[in-house]
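Taking it in order: structure first as structure tokens, then the write-up.
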Amino acid sequence: VPTPAKTILICEDDQHLRQLIRVVIGEGFRYAEAHDGDEAVQLALALRPQLIILDLMLPKRSGAEVLEAVRKELPAEETPVILVSAWPDADEAAVKGGVDGFLSKPFEPDELTTMVHAVVGEA
Amino acid sequence: MSPTRRSASLSARIIVASVFVALLVASAFAVMISALGAIDDAEQRETRSKNVLEATLGLEKLVGDLETGELAFTLTGDDRLLEPWTRALGQLDKRLTGFVQLSADNPGQQRRARELATAIRDYVVYFLEPIVRLARENAAAARTSVARLEGKDQTDEIRRRFKEFTDAEDALAAASAANAERAADRALALGIAGLVLSALLIILFGVYLARSTAQPVRAAASAASRVAAGDLSTRVPEHGPGEVGELTVAFNRMADALERSHAELESQNEQLRQSERRKSELVRIVSHELRTPLASVLGFTSILLDRDVAPEERQRYLGIINAQSRRLSSLLNDFLDAERMEEGELELSRQLIDLGSVVAEQVQLYKGQSTKHRLDAELPPRQLPVNGDPNRLAQVIGNLLSNAIKYSPNGGTVHVQAEQVNGVVRVSVRDEGLGIPDELQQGVFAKFFRGDADASGIPGTGLGLTIARSVVEAHGGRMNFSSARGKGSVFWLELPMAANGQ
Numbered sequence: 001v002p003t004p005a006k007t008i009l010i011c012e013d014d015q016h017l018r019q020l021i022r023v024v025i026g027e028g029f030r031y032a033e034a035h036d037g038d039e040a041v042q043l044a045l046a047l048r049p050q051l052i053i054l055d056l057m058l059p060k061r062s063g064a065e066v067l068e069a070v071r072k073e074l075p076a077e078e079t080p081v082i083l084v085s086a087w088p089d090a091d092e093a094a095v096k097g098g099v100d101g102f103l104s105k106p107f108e109p110d111e112l113t114t115m116v117h118a119v120v121g122e123a
Numbered sequence: 001m002s003p004t005r006r007s008a009s010l011s012a013r014i015i016v017a018s019v020f021v022a023l024l025v026a027s028a029f030a031v032m033i034s035a036l037g038a039i040d041d042a043e044q045r046e047t048r049s050k051n052v053l054e055a056t057l058g059l060e061k062l063v064g065d066l067e068t069g070e071l072a073f074t075l076t077g078d079d080r081l082l083e084p085w086t087r088a089l090g091q092l093d094k095r096l097t098g099f100v101q102l103s104a105d106n107p108g109q110q111r112r113a114r115e116l117a118t119a120i121r122d123y124v125v126y127f128l129e130p131i132v133r134l135a136r137e138n139a140a141a142a143r144t145s146v147a148r149l150e151g152k153d154q155t156d157e158i159r160r161r162f163k164e165f166t167d168a169e170d171a172l173a174a175a176s177a178a179n180a181e182r183a184a185d186r187a188l189a190l191g192i193a194g195l196v197l198s199a200l201l202i203i204l205f206g207v208y209l210a211r212s213t214a215q216p217v218r219a220a221a222s223a224a225s226r227v228a229a230g231d232l233s234t235r236v237p238e239h240g241p242g243e244v245g246e247l248t249v250a251f252n253r254m255a256d257a258l259e260r261s262h263a264e265l266e267s268q269n270e271q272l273r274q275s276e277r278r279k280s281e282l283v284r285i286v287s288h289e290l291r292t293p294l295a296s297v298l299g300f301t302s303i304l305l306d307r308d309v310a311p312e313e314r315q316r317y318l319g320i321i322n323a324q325s326r327r328l329s330s331l332l333n334d335f336l337d338a339e340r341m342e343e344g345e346l347e348l349s350r351q352l353i354d355l356g357s358v359v360a361e362q363v364q365l366y367k368g369q370s371t372k373h374r375l376d377a378e379l380p381p382r383q384l385p386v387n388g389d390p391n392r393l394a395q396v397i398g399n400l401l402s403n404a405i406k407y408s409p410n411g412g413t414v415h416v417q418a419e420q421v422n423g424v425v426r427v428s429v430r431d432e433g434l435g436i437p438d439e440l441q442q443g444v445f446a447k448f449f450r451g452d453a454d455a456s457g458i459p460g461t462g463l464g465l466t467i468a469r470s471v472v473e474a475h476g477g478r479m480n481f482s483s484a485r486g487k488g489s490v491f492w493l494e495l496p497m498a499a500n501g502q
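Written out as structure tokens, the structure reads:
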């Protein structure tokens, strides 16, 4: 019996980037997509994904606020988070929020795959 | 200039007050010196009285000598015993004249002196001399009691007059002494009063100086400390005599100037800070706006380079890369435009165009952008001729349409109208979107203004409307809007109609 595919929640307001992230990580995962912060929190709590890829600059609720809300319900060891931001100085927020990885835009596809595999393993 | 009343200068006041007090002190001393004079006068008067009394005594003695000589001769008949009589008689006239002259200064005394002199002379001439003569001829007759008795009356009269005279002289001397004492007392009292008054005046003037000078000066000093400590709004009450008043006025003027220049510096600083903030905001926005499309371009090109991608997928990726590159390019153009406008270097080509067809093209272009929105255009059958830059004007109308769609995230109708009104061509774009709250309306055309678009997740640089309005104004037109929160917005622009279009 094959293990059920792991779920990755992609929280990013730019549709092309969402698509890129999916393509880069590749098949073997189940993907959920959130367009804004509210949706991100809802989906995270509903799906309890094995990984959240979270853009810091989201409409309605910022990535930092999403992270705070998610961490109240889901501990870090259960739901790892990779932060994505256009701000190189967001490292600091990443460290503070206790996240598992940080990507700054633009990023190399290999960076993302390496990070994802390190956190959730191969598909 | 503040209406400062010119008060007499402080030094003038001090000089006047000093002169006044000096005069007062001098008068007090003059009065006291005059008292000394009165005492001196009294002493002179006393000396004279003493002389007069001495002379009186001498005269009494002389009369006594005359009587003694006469009596001795009459009783003895001895010529030798007549010697004092002869000597005294020889001096009598001179002594009497001198005696009368001594009281020349007092008419009453002189009258008494004359009467006394006359009485003595009468006594001598009518009694003593006849007695002596009688005694020479008939000693016994001269010794008779009748003759003696007659002489006794006259002697008593003379004695009485002597007493009267000396009593009067004593009274005169006493009155004069009392007078002098009174005058001296009065002068002394006046002098002391003058000195006390002077002292009081000096004290009062000192208090006045302290009050009117020290107090404002102290106020100015403590105000200066407060100003030095940074409280530039400190002012002092503008009063005080002469120079002190001028000091307070000058202090306030200085504080005004300081406050003004401080405020100027402060506002320059604030402008600098604002421009700093705008710059870092620009860097932030540019960075963010460029990085997102760049991430797509970089990501998809890497995938195409590194992986085997099915042809239809490849086509889709290339489409994304192309669109994102265009997005980057137009973002860069916006930044450049905004920069150029800032420098006043926006270049426009001028040609006769139909603004109606520009609007129609843009509406057509944006119709495909959203399925949630209905775009309807209301255009006149006639052309709307303007002199202008077709690309720039297309950019402006495109920006208004794009905003109308972006800021009505729940969809709705976007109504575009172009018309000719009173010699101008007017284009308006009405949406049924979020609207702009009153408190944000002021900044709508400012560079990098995004309202609460970030929170709403609406993308953009905050440059579109800034550029649009600049373009319209560079065409000699104007652009504005009306809006309310939740009620949608109407953005409109007016351009002058081309003259040959009529």
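Those protein sequence lines, which keep their order, are chains P and G. Heads up, the first sequence is in the numbering used here, so the first residue is 1 and it goes up one at a time. Heads up, the second sequence is in the numbering used here, so the first residue is 1 and it goes up one at a time. No residue lacks a Cβ here, since even glycine has one placed at the ideal position from N, Cα and C. Remember, it's a predicted structure, so these values are computed and weren't measured experimentally.
State the CB to CB distance for the pair residue i and residue j, rounded to an integer number of angstroms; the pair is presumed to be in contact (CB under 8 Å).
i: G:Arg121; j: G:Leu102; result: 17 Å between Cβ atoms; not a contact.
i: P:Leu51; j: P:Ile82; result: 7 Å
i: G:Val396; j: G:Leu290; result: G:Val396 to G:Leu290, Cβ: 23 Å. No contact.
i: G:Gln417; j: G:Met497; result: Going by Cβ atoms, the distance from G:Gln417 to G:Met497 rounds to 16 Å, so no, they are not a contact pair.
i: G:Glu507; j: G:Ala177; result: Shown here, chain G extends from 1 to 502; a query on residue 507 of chain G therefore has no answer.
i: G:Ala88; j: G:Leu81; result: Contact doesn't hold; Cβ gap of about 13 Å is too wide.
i: P:Phe107; j: G:Ala295; result: 6 Å
i: P:Arg79; j: P:Arg48; result: In the sequence as displayed, the identity of residue 79 of chain P is Thr instead of Arg. Yes, they are in contact, since the Cβ atoms of P:Thr79 and P:Arg48 sit about 7 Å apart, within 8 Å.
i: G:Asn399; j: G:Leu465; result: 7 Å
i: G:Gly433; j: G:Ser489; result: 7 Å
i: G:Thr292; j: P:Ala86; result: 6 Å
i: P:Gly101; j: P:Val120; result: That belief does not hold up - the Cβ atoms of P:Gly101 and P:Val120 are roughly 11 Å apart, past 8 Å.
i: G:Val132; j: G:Trp85; result: 7 Å
i: P:Pro109; j: G:Ile467; result: With 8 Å as the limit, P:Pro109 and G:Ile467 do not qualify as a contact, their Cβ atoms being about 35 Å apart.
In the DSSP output, what is residue i paired with across the bridge?
i: G:Pro496; result: G:Val424
i: G:Asn480; result: G:Trp492
i: G:Gln417; result: G:Glu378, G:Ser428
i: G:Asn51; result: Paired residues: none, contrary to the question.
i: P:Val124; result: Beyond the ends of chain P as shown, which are 1 and 123, falls residue 124 of chain P; an answer cannot be given.
i: G:Gly435; result: BP columns for G:Gly435 are empty, so no partner.
i: G:His373; result: G:Gly412
i: G:Val386; result: G:Ile353
i: G:Ile467; result: For G:Ile467, which the question treats as bridged, DSSP gives no partner whatsoever.
i: P:Thr7; result: P:Arg30
Which chain G residues sit within Cβ distance under 8 Å of residue i?
i: P:Val99; result: Ordered by position in chain G, no residue passes the 8 Å Cβ test against P:Val99, which lies about 19 Å from the chain.
i: P:Phe107; result: Ala295, Leu298, Gly299
Which bits of chain P does residue i rub up against, with CB to CB less than 8 Å?
i: G:Gln324; result: His16
Can you pull the chain G neighbours of residue i, defined as C-beta to C-beta under 7 Å?
i: P:Ala86; result: Ser287, His288, Arg291, Thr292
i: P:Val23; result: Ile303
In chain P, which residues lie with their C-beta within 9 Å of the C-beta of residue i?
i: G:Ile320; result: His16, Gln19, Leu20
Residues of chain P with CB closer than 7 Å to the CB of residue i, please, in chain order.
i: G:Ser302; result: Glu108, Pro109
Using a C-beta to C-beta distance shorter than 9 Å, which residues of chain G count as neighbours of residue i?
i: P:Met115; result: Chain G residues near P:Met115: none, gap ~14 Å exceeds 9 Å.
Would residue i count as contacting chain A if we go by Cβ distances under 8 Å?
i: G:Phe165; result: The structure shown has no chain A; the protein chains it does contain are P and G.
Any heavy atom of the ligand SAM closer than 7 Å to the beta-carbon of residue i?
i: G:Arg273; result: With respect to small molecules bound, the structure shown includes none, and the ligand SAM cannot be examined in it.
Q. If we count Cβ pairs, one from each stretch, closer than 8 Å, do we get three or more for the stretch 362-382 of chain G versus the stretch 397-407 of chain G?
A. Touching, per the Cβ criterion.
Q | Unbroken stretches of the alpha helix (DSSP H), 4 residues or longer, contained in the stretch 299-364 of chain G | A | Counting only runs of 4 or more residues that sit fully inside the stretch 299-364 of chain G, the alpha helix (DSSP H) segments are 311-343, in chain order.
Q: Within the stretch 10-77 of chain P, note down every full beta strand (DSSP E) run reaching 3 residues or more, in order along the chain.
A: Complete beta strand (DSSP E) runs here, min 3: 30-34, 51-55.
Q. How about the stretch 31-50 of chain G and the stretch 136-145 of chain G: do they share at least three Cβ pairs that are nearer than 8 Å?
A. With a cut-off of 8 Å, the stretch 136-145 of chain G and the stretch 31-50 of chain G do not count as touching, because too few Cβ pairs lie within range.
Q. Should the stretch 466-475 of chain G be called in touch with the stretch 418-433 of chain G, which here means at least 3 C-beta pairs below 8 Å?
A. In short, these stretches do not touch, since the Cβ pair count stays below three.
(Q) Whether or not the stretch 480-496 of chain G and the stretch 434-442 of chain G are in contact is what I'm after, with contact meaning three or more pairs of Cβ atoms, one per stretch, closer than 8 Å; do they touch? (A) Between the stretch 434-442 of chain G and the stretch 480-496 of chain G, the count of C-beta pairs closer than 8 Å reaches three or more; the two stretches touch.
Q) Can at least three beta-carbon pairs, one atom from the stretch 257-270 of chain G and one from the stretch 21-29 of chain G, be found at a separation below 8 Å? A) Not touching, per the Cβ criterion.
Q) Between the stretch 119-134 of chain G and the stretch 59-74 of chain G, do at least 3 Cβ pairs fall closer than 8 Å? A) Judged by Cβ distances under 8 Å, the stretch 119-134 of chain G makes contact with the stretch 59-74 of chain G, as three or more pairs qualify.
(Q) As an exercise, report each continuous alpha helix (DSSP H) stretch of at least 4 residues that is fully enclosed by the stretch 140-219 of chain G, in chain order. (A) Entirely contained in the stretch 140-219 of chain G, the alpha helix (DSSP H) runs reaching 4 residues are, in chain order, 145-209.
**Q.** At least 3 beta-carbon pairs within less than 8 Å: the stretch 246-253 of chain G vs the stretch 262-275 of chain G
**A.** In the pairwise beta carbon analysis, the stretch 246-253 of chain G is classified as not touching the stretch 262-275 of chain G: fewer than three pairs are separated by under 8 Å.
**Q.** Stretch pair the stretch 380-387 of chain G + the stretch 340-357 of chain G: three plus CB contacts closer than 8 Å
**A.** The stretch 380-387 of chain G, when compared against the stretch 340-357 of chain G, does touch it at the 8 Å Cβ threshold.
(Q) Does the contact criterion of 3 or more C-beta pairs under 8 Å hold for the stretch 7-18 of chain P versus the stretch 34-44 of chain P? (A) These segments touch.
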